[in-house]
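> So the sequence lines, in the order shown, correspond to chains C and A.
Everything in the first sequence is counted per the working numbering, starting at 38 for the first residue and increasing by one.
Everything in the second sequence is counted per the working numbering, starting at 38 for the first residue and increasing by one.
Note that CB positions come from ideal geometry on N, CA and C, so glycine has one too.
Take this structure first; my questions come after.
There are 2 protein chains.
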Amino acid sequence: MYGMAMDTRERLVESTRALLWERGYVGTSPAAILDRAQVGQGSMYHYFRGKSDLAQAAMERTADEMKRQIAADMSAPGTAFERIRSYLHRERDVLKGCPIGRMTLDPEVYASEPACEPLDDTFQWLCETLRGVLEEGKRDGEFVSSLPSAPVATALAAVVQGGYVLARAAHDPARFDEAVDGALELLAGFVRRSHD
Amino acid sequence: MYGMAMDTRERLVESTRALLWERGYVGTSPAAILDRAQVGQGSMYHYFRGKSDLAQAAMERTADEMKRQIAADMSAPGTAFERIRSYLHRERDVLKGCPIGRMTLDPEVYASEPACEPLDDTFQWLCETLRGVLEEGKRDGEFVSSLPSAPVATALAAVVQGGYVLARAAHDPARFDEAVDGALELLAGFVRRSHD
DNA sequence: GTCTATATCATGATAGAC
DNA sequence: GTCTATCATGATATAGAC
Numbered sequence: 038m039y040g041m042a043m044d045t046r047e048r049l050v051e052s053t054r055a056l057l058w059e060r061g062y063v064g065t066s067p068a069a070i071l072d073r074a075q076v077g078q079g080s081m082y083h084y085f086r087g088k089s090d091l092a093q094a095a096m097e098r099t100a101d102e103m104k105r106q107i108a109a110d111m112s113a114p115g116t117a118f119e120r121i122r123s124y125l126h127r128e129r130d131v132l133k134g135c136p137i138g139r140m141t142l143d144p145e146v147y148a149s150e151p152a153c154e155p156l157d158d159t160f161q162w163l164c165e166t167l168r169g170v171l172e173e174g175k176r177d178g179e180f181v182s183s184l185p186s187a188p189v190a191t192a193l194a195a196v197v198q199g200g201y202v203l204a205r206a207a208h209d210p211a212r213f214d215e216a217v218d219g220a221l222e223l224l225a226g227f228v229r230r231s232h233d
Numbered sequence: 038m039y040g041m042a043m044d045t046r047e048r049l050v051e052s053t054r055a056l057l058w059e060r061g062y063v064g065t066s067p068a069a070i071l072d073r074a075q076v077g078q079g080s081m082y083h084y085f086r087g088k089s090d091l092a093q094a095a096m097e098r099t100a101d102e103m104k105r106q107i108a109a110d111m112s113a114p115g116t117a118f119e120r121i122r123s124y125l126h127r128e129r130d131v132l133k134g135c136p137i138g139r140m141t142l143d144p145e146v147y148a149s150e151p152a153c154e155p156l157d158d159t160f161q162w163l164c165e166t167l168r169g170v171l172e173e174g175k176r177d178g179e180f181v182s183s184l185p186s187a188p189v190a191t192a193l194a195a196v197v198q199g200g201y202v203l204a205r206a207a208h209d210p211a212r213f214d215e216a217v218d219g220a221l222e223l224l225a226g227f228v229r230r231s232h233d
């Protein structure tokens with residue numbers, strides 16, 4: 038499989054993923070997709086019903102890939118706190134923003150039930166995963182038992198999404214890191230002084 | 038002034054503000070602006086040089102209004118923690134998202150130096166304001182002195198922006214409230230047990 | 001399967017009448 | 001100042017050749 042040249046359909050999906058990330062749905066034209074994929078117009082309408090159908094396939098793949106990435110970050114060895122830090126501080130192309138999060142702001146995506154499904158699913162899954170790690174930490178005596186894992190998990194997911202926004206406003210990835218550091222400092226307040 | 042009918046220029050700016058909020062810059066056409074403002078095409082090009090010039094005026098006004106709103110939230114009576122909660126839990130049209138934050142994701146806005154200026158300015162100002170309130174709380178003995186106010190201020194600003202994203206993904210404003218509650222619970226860990 | 005017309009409509013801006 | 005043509009361009013989809 039590896040090293041195999043991408044076939045036409047594949048190039049269309051990858052081209053669309055890149056453009057949706059950069060420009061969103063309303064900002065991406067079929068012509069730009071075809072140009073980037075080096076594919077003629079006919080091919081797109083052969084494999085897909087149109088722009089929205091192609092975008093759906095692209096978003097579903099992006100959602101799947103993001104879940105894989107998060108799972109990898111969070112299943113690294115180490116304490117619960119370290120695993121969460123590992124996710125929050127993973128190397129990112131911060132100024133490009135989140136390929137999933139940015140789609141939620143697109144008016145046409147927001148209005149489409151099937152288009153929102155992978156986005157909602159990804160964030161539900163992320164929050165649930167973070168909550169699981171926090172719960173593990175509580176069970177292992179790493180975090181104090183009063184840590185409210187569900188809202189804190191949601192807050193952590195929000196800090197990542199909001200960190201992208203602050204960084205883009207300033208054209209400075211350091212704003213993302215600062216937000217994440219602030220969240221980790223707050224979370225560190227719930228780490229037990231001494232494990233038994 | 039009050040009760041005065043909006044003049045043409047004013048209607049154009051307000052119409053643009055509403056549409057930028059709903060659809061972003063690339064998703065908003067001059068025709069839609071004119072239609073909503075009930076204004077003819079000629080008027081727009083009389084008062085403004087074009088779409089981008091009008092959008093600039095609209096974003097600057099939105100930024101100004103947001104800063105006024107935040108200042109009002111955060112200068113309410115009460116402890117530092119209460120003032121921060123008052124900002125975070127202010128009544129919002131959560132599913133519409135943040136009119137400033139959403140613009141940062143727009144590719145054309147992001148690429149334009151003057152367009153980004155009011156966005157960057159607003160978030161800088163917000164983080165600085167939050168940091169000031171946290172510092173006050175430390176000075177008054179409300180927060181423990183180890184609270185790192187700058188990164189925590191950035192994290193709080195990020196939670197708000199990210200809360201909008203999570204809420205829109207789920208079409209459920211409760212996700213915003215959950216994120217904000219998580220952040221407040223974390224912050225509460227830094228409130229001194231007993232003030233002197 | 002992939003390509004090149006082609007059709008239709010929207011976009012963003014201009015010109016010129018009133 | 002405001003309006004209604006008008007224009008060049010691009011967006012989205014279809015048709016039909018190869």
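Let me confirm a value: Met-43 of chain A is counted as buried when at least 16 other C-beta atoms fall within 10 Å, else exposed. Which label applies?
With fewer than 16 other Cβ atoms within 10 Å, it is exposed.
> Does the beta carbon of Asp-101 of chain A come closer than 8 Å to any beta carbon on chain C?
With 8 Å as the cut-off, Asp-101 of chain A does not count as an interface residue toward chain C.
> For the alpha helix (DSSP H) holding Glu-47 of chain A, just list the boundary residues, first then last.
Glu-47 of chain A -> alpha helix (DSSP H) spans 45 to 60.
> Quick one: what's got a C-beta closer than 6 Å to Ser-52 of chain A's C-beta in the same chain, skipping five residues either side?
Correct list, in chain order: Ile-70, Arg-73, Ala-74.
> List, in chain order, every chain C residue whose beta-carbon is nearer than 7 Å to that of Val-196 of chain A.
Neighbours of Val-196 of chain A on chain C, chain order: Ala-192, Ala-195, Val-196, Gly-199.
> Mind listing, in chain order, the continuous alpha helix (DSSP H) runs of no fewer than 4 residues lying wholly within the stretch 172 to 226 of chain A?
Counting only runs of 4 or more, we get 186 to 207, 211 to 225.
> Flag this pair as touching only if the stretch 213 to 223 of chain C and the stretch 189 to 197 of chain C have three or more C-beta atom pairs under 8 Å; answer yes or no.
Touching, yes, given that three or more Cβ pairs across the two stretches are closer than 8 Å.
> Anything in chain C within Cβ reach of Phe-17 of chain A, meaning under 8 Å, just list it in chain order.
Outside the modelled stretch of chain A, which goes from 38 to 233, sits residue 17 of chain A, for which no answer is possible.
> Do the stretch 81 to 95 of chain A and the stretch 49 to 68 of chain A touch if we need at least three Cβ pairs shorter than 8 Å?
With the cut-off at 8 Å, the stretch 81 to 95 of chain A and the stretch 49 to 68 of chain A touch.
> Give the DSSP bridge partners of Val-228 of chain A, in chain order.
Paired residue(s): A:Phe-180.
> What residues in the stretch 110 to 126 of chain C bring their beta carbon closer than 8 Å to a beta carbon of chain A?
Hits within the stretch: zero.
> Residues in the same chain with beta-carbon distance under 7 Å from Cys-164 of chain C, minus the five sequence neighbours each way, listed in chain order, please.
Only Ala-190, Thr-191, Ala-194 meet the Cβ criterion.
> Expressed to the nearest angstrom, what Euclidean distance is found between the alpha-carbon atoms of Ala-176 of chain A and Ser-182 of chain A?
Per the sequence shown, the amino acid found at residue 176 of chain A is Arg instead of Ala. Roughly 8 Å separates the two Cα atoms.
> What is the residue span of the alpha helix (DSSP H) that Thr-99 of chain A lies within?
It spans 88 to 111 - the alpha helix (DSSP H) in which Thr-99 of chain A sits, taken as one unbroken run.
> Mind checking if Gly-174 of chain C is an interface residue toward chain A, Cβ cutoff 8 Å exclusive?
No, Gly-174 of chain C does not count as interfacial toward chain A.
> I want to see whether chain A comes within less than 8 Å of Gly-138 of chain C, judged by CB atoms only; does it?
So, interface residue.
> Taking Thr-141 of chain A as part of the alpha helix (DSSP H), name the residues at either end of that continuous run.
Its alpha helix (DSSP H) spans residues 138 to 141.
> For Gln-75 of chain C, which three-state DSSP category applies?
The answer is coil: DSSP assigns Gln-75 of chain C none of H, G, I, E or B.
> Quick check on Pro-155 of chain A: does DSSP put it in helix, strand or coil?
The answer is helix: DSSP assigns Pro-155 of chain A an H, G or I state.
> Judging by CA-CA distance, which residue of C:Tyr-84, C:Leu-156, C:Leu-132 is the nearest neighbour of Thr-141 of chain A?
Considering only alpha carbons, the answer is C:Leu-132.
> How is Cys-164 of chain A classed by DSSP in three states: helix, strand or coil?
Of the three classes helix, strand and coil, the one that applies to Cys-164 of chain A here is helix, per DSSP.
> Just to confirm, is the Cβ distance from Gln-198 of chain A to Gln-198 of chain C under 8 Å?
Going by C-beta atoms, Gln-198 of chain A is nearer than 8 Å to Gln-198 of chain C.
> Classify Ala-117 of chain A as helix, strand or coil using the three-state DSSP reduction.
Helix, per DSSP.
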